Amino acid sequence: MDGNVASSSPSVAPVKQLAEPLTGVEAAKPSGTQSFLAQYTDNPFFSAGFGLAVLATAARFGQQGLKRGVDFARRRLLVDVEITRHDDAYDWFLRWMSAHQRSQMAGTSLSPETTRSKEPRGIIANMLDKILPRLHHLQIKTSKGKGPDGSAQTQFSLVPGQGAHILRYRNAFISVNRQRQGNAVDIATGTPFETVTLTTLYSHRHIFEALFTEAHAHAQQLQEGKTTVFTPWGAEWRAFGEPRRKRPLDSVILEEGVAEHIVADLKEFLSARTWYLDRGIPYRRGYLLYGPPGTGKSSFIQALAGHLDHDIAMLSVSERGMTDDRLNHLLLQVPQRTVVVLEDADAAFVNRAKADADGYAGATVTFSGLLNALDGIASAEERIIFLTTNHVERMDEALLRPGRVDLPARIGYATEWQIEKLWERFYLEQDKEGEGKKRFMERVRELGLVSAASPAMFQGFFLVHKGDVEGAIEKAGDLVVGSRDKLVG
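Just remember that this note's numbering sits 178 ahead of the position in the sequence shown, which is counted from 1.
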């Protein structure tokens, strides 16, 4: 038994030894997945392509990350201000920027707060002045007007053109980028849509308020002593031509006490804004000037607006294309410190059914639409409006009630007081003693011209005979109604 057992033990050991190598061989055999990957990883073309793909992906993510990082840094470090073409500050800024650059080159300043001293400046300041970028791409802006003698005058101003510019203001550098928005243009004027973008460091953001304040002050300085007249362009107001020289209030001679009464009432209204708002009363005032043609209604409004440092917005309800909605919108969009003038308010409601040669049957402003625009729920606040008419009898009583017309005033033919004031205005130097005035007034009474001829007729007559006292007295008969053709004979 022992022999058999001993002999059987060696036979088991080789089998176990043989099994161990077989197990190692099987472990060394690659699996199907490993063999598949090995075929591609050992391929140099695949390795190169895969590497390029990894690099491209990394570059893509890096580019996006860099862009986001730049955007984040820009938002944190820089601040932008955009000015559109339709904003009032657009023209203010461009004109101011040109003037600011010229003042820097001359060593002066537009603002008293930043006026340079005459003391010697430092080396760094002088170097900055030398390397300070100048405006190289400019755009010309032409304006036409009349001189004191009535001759035509043309003025040219240069403003920054399209593209990027660098501006230095109060030791801060500002990037100015003027861009045109594609081919889009304003249909009404043909003016392209543009924007101006100002960019500076976020730490200098406070200078924008000072910059625009100075630009506005510069614009006001250019318009000092002038009145801007606005007219409707589509659904907005546009300046009609260049600002006009203010007309002195005493240059329009109305009946004694009329002008003073209107001026006092309007000044009281302008000073009582808080009083109106505290009591919930709509802060608006309406005036009606009525009377024959040539009595000075429009001239007085122009002089009054200049006297109060207001501009004028001319509006006609009989204008072609005027509707209730457009009228109400325009009255809501009236520029600040502007007097609205609604001329010939009665004309819109006369012969409205009669079409002209083009088939136009009048404006589409309804009577109720006009009333709602003047004092309806959606009507504008803080508004001064003047209505003028030659035929007050044609106007409906509903239009003349308080709230729409607060102060009516008749502007009639020239009274004795007006004629005397007109005489003094033209002949005071030649007739200091007033003898000529007495003789002329006697002739006027004889001819029955008192309160029968308009101030415009007397003014035209005096212009024909300016400086000629005796000629004016002798030719007074030419003022008789029906003899106007003799004024130029």
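Quick reminder that beta carbons are idealized off the backbone N, C-alpha and C, glycines included. Since the model is a prediction, treat every value here as computed from it, not as a measurement.
Using a 10 Å radius around the Cβ and a threshold of 16 neighbouring Cβ atoms, would you call residue i buried or exposed?
i: ASN506; result: buried
i: ASP524; result: buried
i: HIS343; result: buried
i: LEU389; result: buried
i: HIS264; result: exposed
i: PHE239; result: exposed
i: GLY547; result: buried
i: PRO338; result: buried
i: LEU255; result: exposed
i: PRO580; result: exposed
i: GLY499; result: exposed
i: ARG358; result: exposed
i: ASP150; result: Since the first residue of the chain shown is 179 and the last is 667, residue 150 is not available in this structure.
i: SER449; result: exposed
i: LEU376; result: buried
Does the distance from the C-beta atom of residue i to that of residue j stay below 9 Å?
i: MET619; j: GLU602; result: no
i: TYR465; j: ARG451; result: no
i: GLN596; j: GLU434; result: yes
i: VAL543; j: SER496; result: yes
i: GLU260; j: VAL374; result: yes
i: ARG592; j: VAL628; result: Note that residue 592 corresponds to Ala in the displayed sequence, not to Arg. Closer than 9 Å, so yes.
i: LEU444; j: ARG463; result: yes
i: PHE564; j: LEU641; result: no
i: GLY484; j: ILE431; result: no
i: ILE459; j: LEU585; result: no
i: PHE636; j: LEU657; result: yes
i: ASP522; j: ASN550; result: no
i: TYR347; j: VAL257; result: no
i: ILE352; j: THR378; result: yes
i: THR262; j: GLU387; result: no
i: GLN511; j: GLU414; result: yes
i: ARG561; j: VAL518; result: yes
i: LEU493; j: LEU520; result: yes
Do you know how far the Cα of residue j is from the Cα of residue i?
i: ILE171; j: GLY590; result: A question about residue 171 goes unanswered here, because the residues of the chain that appear run from 179 up to 667.
i: SER661; j: GLN398; result: With a pLDDT of only 45 at SER661, under 50, the local geometry of the prediction cannot be trusted, and no value is derived from it.
i: GLY419; j: THR405; result: 11 Å
i: LEU486; j: GLN480; result: 10 Å
i: GLY655; j: PRO471; result: 21 Å
i: ARG623; j: LYS599; result: 16 Å
i: GLY202; j: LEU244; result: Since pLDDT at GLY202 reaches only 47, below the 50 mark, its modelled position is unreliable, and no value is offered.
i: THR566; j: PHE478; result: 11 Å
i: LYS615; j: ASP503; result: 54 Å
i: ALA437; j: ALA587; result: 9 Å
i: ALA491; j: LEU400; result: 20 Å
i: ARG423; j: THR516; result: 16 Å
i: LYS644; j: PHE604; result: 7 Å
i: GLY554; j: ASP428; result: 36 Å
i: GLY638; j: ALA277; result: 43 Å
i: ASN529; j: ARG572; result: Reliability of the predicted coordinates at ASN529 is poor, the pLDDT of 45 falling under 50, and the value obtained from them is presented with this limitation in mind. In a straight line, the C-alpha of ASN529 is about 12 Å away from that of ARG572.
i: ARG383; j: GLY403; result: 33 Å
i: LEU508; j: ASP266; result: 17 Å
i: VAL647; j: GLU611; result: 12 Å
i: GLN340; j: ASN361; result: 14 Å
i: MET275; j: ALA231; result: 51 Å
i: ALA576; j: LEU625; result: 40 Å
i: ALA442; j: ALA350; result: 48 Å
i: ALA630; j: ALA558; result: 39 Å
i: LYS653; j: PRO421; result: 38 Å
At which residues does the alpha helix (DSSP H) containing residue i begin and terminate?
i: ILE385; result: 385–400
i: ILE440; result: 436–448
i: PRO513; result: Run containing PRO513: none; DSSP gives neither H nor E here.
i: LEU548; result: 545–553
What first and last residue would you give for the beta strand (DSSP E) that runs through residue i?
i: GLU594; result: Note, GLU594: premise wrong, no beta strand (DSSP E); alpha helix (DSSP H) at 594–605.
i: HIS343; result: 341–347
i: THR452; result: Element bounds for THR452: not the beta strand (DSSP E) but the alpha helix (DSSP H), 451–456.
i: ARG588; result: 585–588
i: GLY464; result: 462–468
i: PHE564; result: 561–567
i: ARG582; result: No beta strand (DSSP E) holds ARG582; DSSP gives it neither H nor E.
i: ASP258; result: 256–262
i: MET635; result: Here MET635 belongs to no beta strand (DSSP E); instead the alpha helix (DSSP H) covers 633–642.
i: ARG617; result: Looking at the DSSP string, ARG617 is not in any beta strand (DSSP E); the run it does join, the alpha helix (DSSP H), is 613–625.
i: TYR418; result: Looking at the sequence provided, one finds Phe at residue 418 rather than Tyr. Looking at the DSSP string, PHE418 is not in any beta strand (DSSP E), and its letter there is neither H nor E.
i: GLU372; result: 370–379
i: ILE490; result: 489–493
### Message
Any contact between the stretch 453–460 and the stretch 407–419? By contact I mean 3 or more CB pairs, one from each, below 8 Å.
### Response
Of all C-beta pairs linking the stretch 453–460 to the stretch 407–419, fewer than three are shorter than 8 Å, placing the two stretches out of contact.
### Message
Three or more C-beta pairs under 8 Å: does that hold for the stretch 270–278 against the stretch 384–403?
### Response
By the criterion of at least three beta-carbon pairs nearer than 8 Å, the stretch 270–278 is in contact with the stretch 384–403.
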